[in-house]
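Here's the structure, in structure tokens; my notes come after.
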Amino acid sequence: FAEWNAVSSIGAFLFGLSQLLFLYIVIKAVFAGKKATAQVWDGAEGLEWTVDSPAPYHTFETPPKVNG
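Each position in the sequence shown, counted from 1, maps to that position plus 11 in the numbering used here.
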């Protein structure tokens, strides 16, 4: 069982490292990340970004014309 104990120990070590990496990324994002604007989809293109969220039942009264 020594081989499986070693495999389990290596897996647990890698899991612990991934948790530390996750914690580092979260802390960095909270304290040093850019603040999001009130309307985060300002630069988005496409019809799905032109409607409110959640989308109303009848999103468009007539089919929209898409150029491009």
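Quick reminder that beta carbons are idealized off the backbone N, C-alpha and C, glycines included.
DSSP state of Lys39 mapped onto helix, strand, coil: Here residue 39 is taken as the residue at index 28 of the sequence shown, counted from 1. Lys39: helix per DSSP, three-state reduction.
Spatial distance of Leu32 from Thr73 (CA atoms): The count along the sequence shown starts at 1 and reaches residue 32 at position 21. The count along the sequence shown starts at 1 and reaches residue 73 at position 62. Near 50 Å, if we compare the C-alpha coordinates of Thr73 and Leu32.
Simplified DSSP state of Asp71, which is helix, strand or coil: Numbered from its first residue, the sequence shown carries residue 71 at position 60. Per the sequence shown, residue 71 should be read as Phe rather than Asp. If DSSP states are grouped into helix, strand and coil, Phe71 belongs with coil.
Contact set for Gly54: own chain, Cβ-Cβ below 8 Å, skip 5 residues either direction: In the sequence shown, residue 54 corresponds to position 43, counting from 1. Cβ within range, chain order: n/a, list empty.
Three-state secondary structure (DSSP) of Phe26: If you number the sequence shown from 1, residue 26 lands on position 15. Helix at Phe26.
Glu56, DSSP secondary structure in three states: Counting from 1 along the sequence shown, the entry for residue 56 is found at position 45. The answer is coil: DSSP assigns Glu56 none of H, G, I, E or B.
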